[in-house]
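In the numbering used here, the protein residues as written are 811 to 955.
Here's the structure we're looking at; comments come further down.
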């Protein structure tokens with residue numbers, strides 16, 4: 811019950827602040843990926859670094875996938891989320907060496923984490939996600955963490 815109250819308060823706050831909430835929400839995906847990159851760089855063990863990156867990217871892709879199924883999305887938001895999810899899945903495949911991608915070498919994992927953050931930040935300028943959609947992603951990330 812308490813999680814519902816927190817979620818309700820977040821929805822209410824973002825709705826109340828309108829554009830300010832939208833501007834802040836544009837950085838949610840980038841900030842989440844940046845936190846993953848920082849966490850991965852903090853370890854010297856390549857296997858652990860790879861696991862942190864893989865889990866973080868997959869969790870975010872899962873949150874986007876779940877948000878994509880929401881009936882409150884506009885067709886534009888659904889299409890944008892589809893592109894974001896596809897990009898995240900490609901990054902996951904590249905990290906693991908699946909689906910035609912060469913596996914990222916252990917000694918390049920830090921550079922790969924930077925690349926993922928920068929690539930998603932650049933993609934953000936061409937993808938505009940509504941406040942409601944980003945709110946859904948935030949909630950899903952919080953709930954599955």
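Just so you know, even glycine gets a beta-carbon here, dropped at the ideal spot from N, CA and C.
Asked                                                                                                                           : Found
When burial is assigned at 16 or more other CB atoms within 10 Å of the CB, is residue 835 buried or exposed?                   : Bear in mind that a pLDDT of 39 at residue 835, under 50, signals an unreliable position, so the number given afterwards is only what the model happens to contain. Burial call: buried.
Using the beta-carbon count (16 or more within 10 Å), is residue 850 buried or exposed?                                         : buried
Out of 932, 921, 949, which one is the CA nearest neighbour of residue 860?                                                     : 921
On the criterion of 16 or more Cβ atoms from any shown chain inside 10 Å, does residue 889 qualify as buried, or is it exposed? : exposed
Does residue 864 come out as helix, strand or coil in the three-state DSSP assignment?                                          : helix
Contact between the region 875 to 883 and the region 841 to 858: three or more CB pairs below 8 Å?                              : no
Skipping 5 residues on each side, what residues in its chain have a beta carbon closer than 7 Å to that of residue 924?         : 847
Would a C-beta distance cut-off of 8 Å place residue 867 and residue 898 closer than the cut-off?                               : yes
Measuring only the C-alpha atoms, how far is residue 896 from residue 952?                                                      : 22 Å
Out of 926, 873, 917, 893, state which residue places its alpha-carbon closest to the alpha-carbon of residue 855.              : 917
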